[in-house]
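Residue numbers for the sequence shown, in the numbering used here: 4 to 162.
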Amino acid sequence: MTKEEVKEKNLEKAFISHVSKLSKKDYDISMIDFLSNRLLMIMVIEEGIPFQLFDKIYELSPFPINYWSEFLHLSQKSLQRYRQSRRQFDPIHSEKIIEIAEVIETGKNVFGSNDKFKLWLETPNFALGKSRPMDLLKYSYGKEMVLTELGRIEHGILG
């Protein structure tokens with residue numbers, strides 16, 4: 004197993020553990036299943052994402068911490084305080100973390116690797132108004148645009 008596959012497994016285990024604890028049911032679902040179950044996502048958002056789970060998402064993401072700081076509208080110093088205190092994120096931040104996790108999961112599935120996905124994220128995209136997809140993720144509407152474009156790529160519809 005590659006280092007990235009181990010990180011993905013650890014993330015999946017952490018999500019399953021967190022969801023099972025919150026719902027008081029045993030879940031054995033994949034990340035894709037979790038991301039397609041809106042009610043389950045809302046339950047997790049309401050309770051808040053623990054920093055340990057965010058840390059696993061961050062490790063797998065193609066984004067440096069300064070981008071996460073922008074996505075979450077938190078300073079890097081605030082993120083360090085979350086790390087030190089091991090506290091849960093508020094629902095508004097938890098929702099954004101899950102939104103970005105959805106983009107990461109979709110992008111990895113479309114491109115087949117983090118490296119190819121990262122290159123796509125960093126490259127200005129004509130279909131996205133010549134913006135870099137990475138820069139649009141700060142906003143929910145931008146995230147939707149990025150997911151839509153990933154869906155078009157996945158289905159061979161190049162704009």
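Glycine included, each C-beta is placed from N, C-alpha and C at the ideal position.
query = Per DSSP, what kind of secondary structure is residue 136 in: helix, strand or coil?
reply = Here residue 136 sits in helix by DSSP.
inquiry  = Short of 8 Å in beta carbon distance, which residues of its chain neighbour residue 2, apart from the five on each side in sequence? Order them along the chain.
reply    = Since the first residue of the chain shown is 4 and the last is 162, residue 2 is not available in this structure.
ask   = At a cut of 8 Å, does the stretch 121–138 reach the stretch 81–99 through at least three beta carbon pairs?
value = The answer is no - the stretch 81–99 does not touch the stretch 121–138, with fewer than three Cβ pairs under 8 Å.
task = Name the one or two DSSP bridge partners that residue 91 has.
result = Bridge partners of residue 91 according to DSSP: 53.
request  = Output the distance between the C-alpha atoms of residue 119 and residue 126, rounded to the nearest integer angstrom.
outcome  = When only Cα atoms are considered, residue 119 and residue 126 end up about 11 Å apart.
Cα-Cα separation, residue 39 to residue 10 = Approximately 21 Å, taken between the alpha carbons.
task = Measure the CB-CB distance between residue 139 and residue 149 and report whether it falls below 7 Å.
result = Yes.
message = Just list the residues that DSSP pairs residue 128 with in beta bridges.
response = 134, per the DSSP bridge assignment.
request  = Count the other CB atoms, across all protein chains shown, that sit within 10 Å of the CB of residue 61; report buried if there are 16 or more and exposed otherwise.
outcome  = By the 16-neighbour rule on beta-carbons within 10 angstroms, residue 61 is buried.
task = Give the range of the alpha helix (DSSP H) segment to which residue 151 is assigned.
result = Residues 143–157.
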